[in-house]
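First residue of the sequence shown? That's 14 in this note's numbering, and the numbers climb one at a time after it. For reference, the structure discussed in these notes is given below.
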Amino acid sequence: MLLRAQVVRAERADYYVHDLRPDGVGRPAGESAGLWWGQGSVRLGLRGEPERDALAAVLSGLDPLGDRPLRANRGERAAGGVDLVWCAPKSVSVLHLLGPPELGTATEDAHRAAVAEAAAYLEREAIGVRRTTGGIVRHLPGQGAVAAAFLHRTSRALDPHLHTHLVVANVAQGPDGLWSAVDTRRLFAHVRAASALYDGHLRHEMTQRASIGWERRSSGRWEIDGIDPVLCRTFSQRAASMDEHLHRMPVARSARGTIRAAFHSDRPDKDARVAMDELRYSWRKRADDLGIDLTNMVEVIGRAHRHPTDADVQGDLSSDVAEHNGVSLPATKRRLLATVADEARQGLPVHLVEERVAMAVGVSPRGIERMAGGGRDIGRYVMPESARTQVGLDPFSSLSRRDQRLGREVGGR
14 MLLRAQVVRA ERADYYVHDL RPDGVGRPAG ESAGLWWGQG SVRLGLRGEP
64 ERDALAAVLS GLDPLGDRPL RANRGERAAG GVDLVWCAPK SVSVLHLLGP
114 PELGTATEDA HRAAVAEAAA YLEREAIGVR RTTGGIVRHL PGQGAVAAAF
164 LHRTSRALDP HLHTHLVVAN VAQGPDGLWS AVDTRRLFAH VRAASALYDG
214 HLRHEMTQRA SIGWERRSSG RWEIDGIDPV LCRTFSQRAA SMDEHLHRMP
264 VARSARGTIR AAFHSDRPDK DARVAMDELR YSWRKRADDL GIDLTNMVEV
314 IGRAHRHPTD ADVQGDLSSD VAEHNGVSLP ATKRRLLATV ADEARQGLPV
364 HLVEERVAMA VGVSPRGIER MAGGGRDIGR YVMPESARTQ VGLDPFSSLS
414 RRDQRLGREV GGR
(Lines of atoms letter the chains of each structure in order from A and count residues from 1; the text may use other names and numbers.)
(Lines give C-alpha, C1' and ligand atoms only; values in the text may rest on other atoms or scores of the structure.)
Protein backbone atom coordinates (compact mmCIF):
# COMPACT_ATOMS: atom_id res chain seq x y z
CA MET A 1 0.00 0.00 0.00
CA LEU A 2 1.02 3.62 -0.51
CA LEU A 3 -0.37 4.59 2.89
CA ARG A 4 1.33 3.32 6.03
CA ALA A 5 -0.10 3.76 9.52
CA GLN A 6 2.00 3.59 12.66
CA VAL A 7 1.39 4.48 16.30
CA VAL A 8 3.20 7.59 17.64
CA ARG A 9 3.73 8.92 21.17
CA ALA A 10 3.96 12.44 22.53
CA GLU A 11 7.77 12.57 22.60
CA ARG A 12 7.77 12.00 18.83
CA ALA A 13 6.77 15.65 18.34
CA ASP A 14 10.47 16.61 18.34
CA TYR A 15 11.10 14.44 15.30
CA TYR A 16 8.52 16.19 13.15
CA VAL A 17 8.91 19.77 14.37
CA HIS A 18 12.58 20.11 15.37
CA ASP A 19 14.65 17.26 13.91
CA LEU A 20 13.25 17.67 10.39
CA ARG A 21 12.49 21.36 10.38
CA PRO A 22 14.34 23.63 7.89
CA ASP A 23 16.58 26.01 9.80
CA GLY A 24 18.97 27.32 7.17
CA VAL A 25 22.35 25.87 8.08
CA GLY A 26 22.29 22.10 8.28
CA ARG A 27 18.64 21.77 7.35
CA PRO A 28 17.51 18.29 6.36
CA ALA A 29 17.37 18.04 2.59
CA GLY A 30 13.95 18.57 1.10
CA GLU A 31 11.82 18.78 4.25
CA SER A 32 9.04 21.27 5.00
CA ALA A 33 7.98 22.84 8.28
CA GLY A 34 4.43 21.46 8.21
CA LEU A 35 0.91 22.80 8.71
CA TRP A 36 -1.97 22.10 11.08
CA TRP A 37 -4.74 20.19 9.30
CA GLY A 38 -8.30 19.10 10.02
CA GLN A 39 -11.49 20.57 11.41
CA GLY A 40 -10.58 19.34 14.88
CA SER A 41 -7.45 21.51 14.76
CA VAL A 42 -9.57 24.50 13.80
CA ARG A 43 -11.87 23.83 16.77
CA LEU A 44 -8.83 23.94 19.07
CA GLY A 45 -7.55 27.18 17.48
CA LEU A 46 -4.55 25.50 15.84
CA ARG A 47 -3.51 27.10 12.54
CA GLY A 48 -0.34 27.63 10.54
CA GLU A 49 2.94 25.89 11.34
CA PRO A 50 2.87 23.41 14.23
CA GLU A 51 5.00 24.30 17.25
CA ARG A 52 6.62 21.54 19.24
CA ASP A 53 4.76 22.24 22.51
CA ALA A 54 1.35 22.38 20.82
CA LEU A 55 1.90 19.14 18.91
CA ALA A 56 3.23 17.40 22.02
CA ALA A 57 0.18 18.62 23.96
CA VAL A 58 -2.43 17.17 21.59
CA LEU A 59 -0.45 13.92 21.33
CA SER A 60 -0.59 13.83 25.14
CA GLY A 61 -4.35 14.30 25.04
CA LEU A 62 -4.31 17.93 26.23
CA ASP A 63 -5.77 21.15 24.90
CA PRO A 64 -2.65 23.10 23.84
CA LEU A 65 -4.29 26.46 24.62
CA GLY A 66 -6.05 25.58 27.85
CA ASP A 67 -4.11 22.59 29.18
CA ARG A 68 -7.41 20.77 29.86
CA PRO A 69 -7.53 17.01 29.23
CA LEU A 70 -9.22 15.99 26.00
CA ARG A 71 -9.18 12.26 26.75
CA ALA A 72 -8.57 9.94 29.66
CA ASN A 73 -5.00 9.88 30.97
CA ARG A 74 -3.56 6.40 30.47
CA GLY A 75 0.03 7.12 31.51
CA GLU A 76 3.17 8.45 29.88
CA ARG A 77 3.44 5.49 27.50
CA ALA A 78 -0.08 5.90 26.17
CA ALA A 79 -0.31 6.09 22.39
CA GLY A 80 -0.58 9.71 21.31
CA GLY A 81 -1.92 9.18 17.83
CA VAL A 82 -1.35 7.67 14.41
CA ASP A 83 1.20 8.73 11.79
CA LEU A 84 -0.37 8.24 8.36
CA VAL A 85 2.44 8.26 5.79
CA TRP A 86 1.28 8.90 2.21
CA CYS A 87 4.08 7.65 -0.08
CA ALA A 88 4.18 8.43 -3.79
CA PRO A 89 5.16 5.57 -6.12
CA LYS A 90 8.92 5.47 -6.64
CA SER A 91 8.66 6.53 -10.29
CA VAL A 92 6.74 9.63 -9.16
CA SER A 93 9.41 10.47 -6.57
CA VAL A 94 12.16 10.07 -9.16
CA LEU A 95 10.35 12.32 -11.65
CA HIS A 96 9.70 14.85 -8.89
CA LEU A 97 13.37 15.46 -8.04
CA LEU A 98 15.26 14.33 -11.15
CA GLY A 99 12.95 15.41 -13.95
CA PRO A 100 12.61 18.87 -15.53
CA PRO A 101 11.65 21.58 -12.99
CA GLU A 102 8.22 22.06 -14.53
CA LEU A 103 7.44 18.37 -14.15
CA GLY A 104 8.83 18.42 -10.62
CA THR A 105 6.45 21.21 -9.65
CA ALA A 106 3.47 19.50 -11.31
CA THR A 107 4.30 16.25 -9.54
CA GLU A 108 4.47 17.85 -6.11
CA ASP A 109 1.22 19.72 -6.72
CA ALA A 110 -0.45 16.46 -7.78
CA HIS A 111 0.81 14.72 -4.63
CA ARG A 112 -0.47 17.53 -2.40
CA ALA A 113 -3.88 17.42 -4.08
CA ALA A 114 -4.11 13.63 -3.77
CA VAL A 115 -3.17 13.67 -0.09
CA ALA A 116 -5.71 16.44 0.56
CA GLU A 117 -8.56 14.52 -1.11
CA ALA A 118 -7.75 11.13 0.43
CA ALA A 119 -7.19 12.67 3.87
CA ALA A 120 -10.53 14.46 3.57
CA TYR A 121 -12.13 11.07 2.92
CA LEU A 122 -10.55 9.75 6.13
CA GLU A 123 -11.70 12.76 8.11
CA ARG A 124 -15.21 12.39 6.73
CA GLU A 125 -15.54 8.63 7.13
CA ALA A 126 -12.95 7.37 9.63
CA ILE A 127 -12.63 9.94 12.42
CA GLY A 128 -15.16 8.97 15.06
CA VAL A 129 -15.66 8.35 18.77
CA ARG A 130 -17.21 5.66 20.97
CA ARG A 131 -19.81 6.21 23.64
CA THR A 132 -20.97 3.49 26.06
CA THR A 133 -24.38 3.74 27.69
CA GLY A 134 -25.82 0.91 29.75
CA GLY A 135 -23.26 -1.50 28.36
CA ILE A 136 -24.15 -0.64 24.76
CA VAL A 137 -21.30 0.78 22.64
CA ARG A 138 -22.25 3.38 20.06
CA HIS A 139 -19.92 4.35 17.19
CA LEU A 140 -20.48 8.05 16.48
CA PRO A 141 -19.00 10.42 13.87
CA GLY A 142 -16.34 12.86 15.03
CA GLN A 143 -16.18 16.59 14.38
CA GLY A 144 -12.93 16.43 12.42
CA ALA A 145 -9.30 15.43 12.88
CA VAL A 146 -6.69 17.13 15.03
CA ALA A 147 -3.65 16.62 12.83
CA ALA A 148 -0.43 18.12 11.48
CA ALA A 149 0.87 17.47 7.94
CA PHE A 150 4.58 17.38 7.05
CA LEU A 151 5.73 17.11 3.43
CA HIS A 152 9.07 15.29 2.96
CA ARG A 153 10.95 14.73 -0.27
CA THR A 154 13.74 12.29 0.66
CA SER A 155 14.05 8.95 2.40
CA ARG A 156 16.24 8.20 5.41
CA ALA A 157 18.82 6.92 2.91
CA LEU A 158 18.57 10.32 1.15
CA ASP A 159 17.01 8.96 -2.02
CA PRO A 160 14.12 10.69 -3.80
CA HIS A 161 11.03 9.81 -1.76
CA LEU A 162 8.04 12.14 -1.98
CA HIS A 163 5.78 11.52 1.01
CA THR A 164 3.60 13.28 3.56
CA HIS A 165 3.30 12.50 7.26
CA LEU A 166 -0.21 13.22 8.53
CA VAL A 167 0.11 12.95 12.30
CA VAL A 168 -3.42 12.42 13.66
CA ALA A 169 -3.70 13.01 17.41
CA ASN A 170 -5.70 10.53 19.46
CA VAL A 171 -8.38 13.09 20.34
CA ALA A 172 -11.69 13.94 18.69
CA GLN A 173 -14.87 15.79 19.55
CA GLY A 174 -18.10 13.84 19.27
CA PRO A 175 -21.50 15.13 18.11
CA ASP A 176 -22.37 15.55 21.79
CA GLY A 177 -19.61 18.18 22.14
CA LEU A 178 -17.45 15.98 24.38
CA TRP A 179 -13.78 15.30 23.60
CA SER A 180 -12.38 11.78 23.92
CA ALA A 181 -10.02 9.29 22.30
CA VAL A 182 -10.47 8.53 18.61
CA ASP A 183 -12.34 5.36 17.65
CA THR A 184 -9.13 4.12 16.04
CA ARG A 185 -10.35 0.72 14.89
CA ARG A 186 -12.54 2.67 12.51
CA LEU A 187 -9.52 4.66 11.35
CA PHE A 188 -7.44 1.55 10.66
CA ALA A 189 -10.38 -0.04 8.87
CA HIS A 190 -10.23 2.69 6.21
CA VAL A 191 -6.47 2.74 5.59
CA ARG A 192 -6.62 0.43 2.57
CA ALA A 193 -9.38 2.45 0.91
CA ALA A 194 -7.62 5.75 1.64
CA SER A 195 -4.40 4.39 0.14
CA ALA A 196 -6.15 3.40 -3.10
CA LEU A 197 -8.02 6.71 -3.24
CA TYR A 198 -4.74 8.62 -2.87
CA ASP A 199 -3.08 6.58 -5.61
CA GLY A 200 -6.04 6.91 -7.96
CA HIS A 201 -6.33 10.65 -7.41
CA LEU A 202 -2.57 11.07 -7.91
CA ARG A 203 -2.73 9.27 -11.26
CA HIS A 204 -5.71 11.42 -12.27
CA GLU A 205 -3.92 14.66 -11.35
CA MET A 206 -0.71 13.75 -13.16
CA THR A 207 -2.58 12.54 -16.23
CA GLN A 208 -4.50 15.82 -16.37
CA ARG A 209 -1.41 17.99 -15.75
CA ALA A 210 1.09 16.30 -18.10
CA SER A 211 -0.76 13.49 -19.92
CA ILE A 212 1.28 10.95 -17.97
CA GLY A 213 0.72 7.29 -18.87
CA TRP A 214 0.69 4.45 -16.35
CA GLU A 215 1.61 0.76 -16.27
CA ARG A 216 1.10 -1.85 -13.58
CA ARG A 217 4.37 -3.42 -12.49
CA SER A 218 4.92 -6.96 -11.21
CA SER A 219 4.56 -5.63 -7.65
CA GLY A 220 0.95 -4.77 -8.46
CA ARG A 221 1.60 -1.04 -8.14
CA TRP A 222 0.96 1.58 -10.80
CA GLU A 223 4.13 3.36 -11.99
CA ILE A 224 4.78 6.03 -14.62
CA ASP A 225 5.06 4.67 -18.16
CA GLY A 226 8.50 5.68 -19.41
CA ILE A 227 10.40 5.66 -16.10
CA ASP A 228 12.94 2.83 -16.21
CA PRO A 229 12.34 0.29 -13.39
CA VAL A 230 16.13 0.02 -13.06
CA LEU A 231 16.25 3.73 -12.28
CA CYS A 232 13.56 3.27 -9.60
CA ARG A 233 15.51 0.44 -8.03
CA THR A 234 18.72 2.50 -8.15
CA PHE A 235 17.11 5.11 -5.92
CA SER A 236 15.61 2.58 -3.49
CA GLN A 237 18.63 2.03 -1.26
CA ARG A 238 16.41 1.65 1.79
CA ALA A 239 14.45 -1.19 0.17
CA ALA A 240 17.66 -2.85 -1.00
CA SER A 241 19.13 -2.61 2.50
CA MET A 242 16.00 -4.18 3.99
CA ASP A 243 16.14 -7.00 1.41
CA GLU A 244 19.73 -7.74 2.37
CA HIS A 245 18.83 -7.69 6.07
CA LEU A 246 15.91 -10.04 5.45
CA HIS A 247 18.20 -12.41 3.57
CA ARG A 248 20.49 -12.62 6.61
CA MET A 249 17.67 -13.10 9.12
CA PRO A 250 16.52 -16.56 10.25
CA VAL A 251 13.05 -17.67 9.25
CA ALA A 252 10.49 -16.02 11.53
CA ARG A 253 7.05 -17.18 12.60
CA SER A 254 5.37 -14.76 10.19
CA ALA A 255 6.45 -12.88 7.07
CA ARG A 256 4.88 -9.68 8.39
CA GLY A 257 6.82 -9.94 11.64
CA THR A 258 10.05 -10.53 9.74
CA ILE A 259 9.57 -7.47 7.54
CA ARG A 260 8.67 -5.32 10.55
CA ALA A 261 11.83 -6.44 12.35
CA ALA A 262 13.97 -5.63 9.31
CA PHE A 263 12.31 -2.22 8.95
CA HIS A 264 13.19 -1.15 12.49
CA SER A 265 16.59 -2.81 12.91
CA ASP A 266 17.89 -1.49 9.59
CA ARG A 267 16.48 2.04 9.91
CA PRO A 268 19.12 4.81 9.64
CA ASP A 269 18.79 8.37 10.93
CA LYS A 270 18.40 10.99 8.21
CA ASP A 271 21.59 13.01 7.66
CA ALA A 272 20.64 16.67 8.16
CA ARG A 273 23.96 17.99 6.85
CA VAL A 274 23.45 17.27 3.15
CA ALA A 275 21.90 20.07 1.08
CA MET A 276 19.55 19.44 -1.82
CA ASP A 277 22.05 20.64 -4.46
CA GLU A 278 24.58 18.09 -3.23
CA LEU A 279 21.96 15.37 -3.36
CA ARG A 280 20.93 16.21 -6.91
CA TYR A 281 24.57 16.05 -8.03
CA SER A 282 25.11 12.65 -6.40
CA TRP A 283 21.85 11.30 -7.85
CA ARG A 284 22.74 12.39 -11.37
CA LYS A 285 26.21 10.89 -11.04
CA ARG A 286 24.74 7.60 -9.85
CA ALA A 287 22.41 7.49 -12.86
CA ASP A 288 25.25 8.44 -15.22
CA ASP A 289 27.42 5.61 -13.86
CA LEU A 290 24.63 3.21 -14.85
CA GLY A 291 24.37 4.72 -18.34
CA ILE A 292 20.93 6.25 -17.71
CA ASP A 293 20.24 9.58 -19.44
CA LEU A 294 18.01 11.62 -17.14
CA THR A 295 17.33 14.18 -19.88
CA ASN A 296 15.05 11.57 -21.49
CA MET A 297 12.61 11.81 -18.60
CA VAL A 298 10.72 14.54 -20.42
CA GLU A 299 9.50 11.80 -22.78
CA VAL A 300 6.99 10.62 -20.17
CA ILE A 301 4.78 13.56 -21.19
CA GLY A 302 1.96 12.62 -23.54
CA ARG A 303 2.01 8.84 -23.04
CA ALA A 304 -1.55 8.69 -21.70
CA HIS A 305 -2.94 8.36 -25.24
CA ARG A 306 -1.27 4.94 -25.57
CA HIS A 307 -3.65 3.45 -23.03
CA PRO A 308 -7.46 3.00 -22.85
CA THR A 309 -9.35 6.05 -21.67
CA ASP A 310 -11.34 6.05 -18.47
CA ALA A 311 -14.55 5.62 -20.47
CA ASP A 312 -13.11 2.43 -22.03
CA VAL A 313 -12.52 0.77 -18.66
CA GLN A 314 -15.75 1.88 -17.01
CA GLY A 315 -17.50 -1.34 -17.94
CA ASP A 316 -14.76 -3.39 -16.31
CA LEU A 317 -15.05 -1.32 -13.15
CA SER A 318 -18.78 -1.92 -12.96
CA SER A 319 -18.34 -5.68 -13.33
CA ASP A 320 -15.65 -5.73 -10.66
CA VAL A 321 -17.93 -3.92 -8.23
CA ALA A 322 -20.85 -6.20 -9.07
CA GLU A 323 -18.70 -9.25 -8.41
CA HIS A 324 -17.72 -7.92 -4.99
CA ASN A 325 -21.33 -6.96 -4.38
CA GLY A 326 -22.68 -10.49 -4.63
CA VAL A 327 -24.75 -11.91 -1.81
CA SER A 328 -22.33 -14.83 -1.45
CA LEU A 329 -19.42 -12.44 -0.75
CA PRO A 330 -20.56 -9.38 1.20
CA ALA A 331 -18.10 -6.52 0.72
CA THR A 332 -17.56 -3.42 2.77
CA LYS A 333 -18.06 -0.10 1.08
CA ARG A 334 -14.43 0.74 1.74
CA ARG A 335 -13.35 -2.41 -0.14
CA LEU A 336 -15.41 -1.37 -3.15
CA LEU A 337 -13.86 2.10 -3.03
CA ALA A 338 -10.39 0.54 -3.06
CA THR A 339 -11.32 -1.71 -5.99
CA VAL A 340 -12.71 1.08 -8.17
CA ALA A 341 -9.84 3.46 -7.42
CA ASP A 342 -7.20 0.83 -8.15
CA GLU A 343 -8.67 -0.39 -11.44
CA ALA A 344 -8.69 3.01 -13.19
CA ARG A 345 -5.43 3.12 -15.16
CA GLN A 346 -5.48 6.89 -15.57
CA GLY A 347 -6.88 7.40 -12.10
CA LEU A 348 -10.10 8.90 -10.84
CA PRO A 349 -10.79 11.82 -8.50
CA VAL A 350 -12.09 10.73 -5.12
CA HIS A 351 -15.59 12.11 -5.61
CA LEU A 352 -16.06 10.11 -8.83
CA VAL A 353 -14.92 6.90 -7.12
CA GLU A 354 -17.51 7.49 -4.40
CA GLU A 355 -20.20 8.18 -7.00
CA ARG A 356 -19.46 4.95 -8.88
CA VAL A 357 -19.57 2.87 -5.71
CA ALA A 358 -22.81 4.61 -4.70
CA MET A 359 -24.41 3.69 -8.02
CA ALA A 360 -23.16 0.10 -7.79
CA VAL A 361 -24.70 -0.51 -4.37
CA GLY A 362 -27.84 1.52 -4.94
CA VAL A 363 -27.02 4.27 -2.47
CA SER A 364 -26.84 7.98 -3.27
CA PRO A 365 -23.53 9.82 -2.77
CA ARG A 366 -25.21 11.79 0.02
CA GLY A 367 -26.16 8.50 1.66
CA ILE A 368 -22.56 7.35 1.50
CA GLU A 369 -21.41 10.57 3.16
CA ARG A 370 -23.85 9.95 6.02
CA MET A 371 -22.43 6.51 6.78
CA ALA A 372 -19.72 7.43 9.27
CA GLY A 373 -17.01 4.81 9.36
CA GLY A 374 -18.27 2.93 6.30
CA GLY A 375 -21.05 0.42 5.86
CA ARG A 376 -21.26 -3.28 5.13
CA ASP A 377 -22.71 -4.03 1.72
CA ILE A 378 -25.02 -7.05 1.54
CA GLY A 379 -26.56 -7.56 -1.88
CA ARG A 380 -27.62 -4.10 -3.00
CA TYR A 381 -28.28 -2.83 0.49
CA VAL A 382 -25.95 -1.16 2.96
CA MET A 383 -26.10 -1.87 6.69
CA PRO A 384 -24.57 1.06 8.63
CA GLU A 385 -22.02 0.25 11.32
CA SER A 386 -24.43 1.36 14.07
CA ALA A 387 -27.03 -1.14 12.85
CA ARG A 388 -24.45 -3.94 12.82
CA THR A 389 -23.64 -3.16 16.45
CA GLN A 390 -27.31 -3.27 17.43
CA VAL A 391 -27.75 -6.78 16.00
CA GLY A 392 -24.61 -8.04 17.72
CA LEU A 393 -22.16 -7.91 14.79
CA ASP A 394 -18.66 -6.48 15.16
CA PRO A 395 -18.59 -3.46 12.79
CA PHE A 396 -14.84 -3.94 12.27
CA SER A 397 -14.66 -7.72 11.96
CA SER A 398 -12.97 -7.38 8.55
CA LEU A 399 -9.89 -5.78 10.12
CA SER A 400 -6.67 -7.78 10.22
CA ARG A 401 -5.49 -8.90 13.64
CA ARG A 402 -2.62 -6.41 13.49
CA ASP A 403 -4.90 -3.46 12.69
CA GLN A 404 -7.34 -4.48 15.42
CA ARG A 405 -4.45 -4.65 17.89
CA LEU A 406 -3.13 -1.25 16.85
CA GLY A 407 -6.60 0.22 17.01
CA ARG A 408 -7.10 -1.06 20.55
CA GLU A 409 -3.65 0.20 21.57
CA VAL A 410 -4.28 3.72 20.38
CA GLY A 411 -7.91 3.81 21.48
CA GLY A 412 -7.16 2.33 24.89
CA ARG A 413 -9.43 -0.71 24.45
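Virtual Cβ for every residue (Gly too), placed ideally from N, Cα, C. Please read these numbers as outputs of a predicted model, since none were measured by experiment.
Close beta carbons around residue i, own chain, < 6 Å, minus the five adjacent residues each side
i: His165; result: Glu44 and His176
i: Ala158; result: Gly51, Gly53, Glu136, Ile140 and Val181
i: Met14; result: Ser208
i: Ala126; result: Glu218
i: Val195; result: Asn183 and Ala185
i: Gly148; result: none
Proximity winner among the options, relative to residue i (alpha-carbon distances)
i: Val180; options: Gly233, Arg297, Asp189 and Leu200; result: Leu200
i: Trp235; options: Phe163, Gly53, Asp212 and Ala371; result: Asp212
i: Asp302; options: Ala354, Asn309, Leu244 and Arg348; result: Leu244
i: Glu356; options: Asp241, Ala170, Asp306 and Trp227; result: Trp227
i: Gly190; options: Thr197, Gly155 and Leu97; result: Gly155
i: Leu97; options: Asp241, Ile149, Tyr294 and Phe163; result: Phe163
i: Gly315; options: Ile237, Thr247, Pro173 and Leu307; result: Ile237
i: Ile225; options: Leu349, Glu368, Ala371 and Gly360; result: Gly360
i: Leu171; options: Glu291, Ala371, Gly304 and Leu349; result: Glu291
i: Thr220; options: Gly88, Leu116, Gly148 and Arg246; result: Leu116
i: His364; options: Val195, His318 and Ala132; result: Ala132
i: Gly99; options: Leu59, Gly88 and Glu121; result: Correcting the residue type first, residue 99 is Trp in the shown sequence and not Gly. Considering only alpha carbons, the answer is Glu121.
i: Arg297; options: Pro113, Tyr134, Thr345 and Arg87; result: Pro113
C-beta atoms of residue i and residue j nearer than 7 Å
i: Ala92; j: Pro77; result: no
i: Leu16; j: Ser208; result: yes
i: His203; j: Glu138; result: yes
i: Pro362; j: His217; result: yes
i: Asp25; j: Ser193; result: The amino acid at residue 25 is misidentified as Asp; the sequence shows Arg. Not closer than 7 Å, so no.
i: Arg347; j: Ala206; result: yes
i: Leu153; j: Pro188; result: yes
i: His214; j: Glu130; result: yes
i: Val366; j: Ala354; result: yes
i: Ala18; j: Ala119; result: no
Same chain, Cβ closer than 7 Å to residue i, five either side skipped, listed in chain order
i: Ala23; result: Ala69, Leu72, Ser73 and Gly93
i: Asp27; result: Arg65
i: Gln186; result: Gly53, Arg56, Gly155, Gln156 and Trp192
i: Pro63; result: Val30, Gly47, Trp49 and Ala161
i: Pro82; result: Gly74 and Leu75
Residue i classed as buried or exposed, judged by whether at least 16 other C-beta atoms fall within 10 angstroms
i: Val105; result: buried
i: Tyr29; result: buried
i: Ser295; result: exposed
i: Thr197; result: buried
i: Gly47; result: buried
i: Ser232; result: exposed
i: Asn183; result: buried
i: Thr308; result: exposed
i: Thr146; result: exposed
i: Val128; result: buried
i: His318; result: exposed
Chain-order list of residues whose beta-carbon lies under 8 Å from that of residue i (same chain, five-residue window excluded)
i: Arg293; result: Leu110 and Leu111
i: Asp80; result: Ala70
i: Ile240; result: Ser104, Val107, Leu108, Met310 and Val313
i: Arg230; result: Glu236 and Pro242
i: Thr247; result: Arg299, Ala300, Leu303 and Ile305
i: Gly61; result: Leu48 and Trp49
In chain order, each beta strand (DSSP E) run of at least 3 residues that lies wholly inside the segment 156-228: The qualifying runs are 160-167 and 173-182.
Report the start-end ranges of each beta strand (DSSP E) in the segment 44-129 that is 3 residues or longer and not cut off at the edges. Taking only runs of at least 3 residues, the beta strand (DSSP E) segments lying wholly in the segment 44-129 are 48-50 and 94-100.
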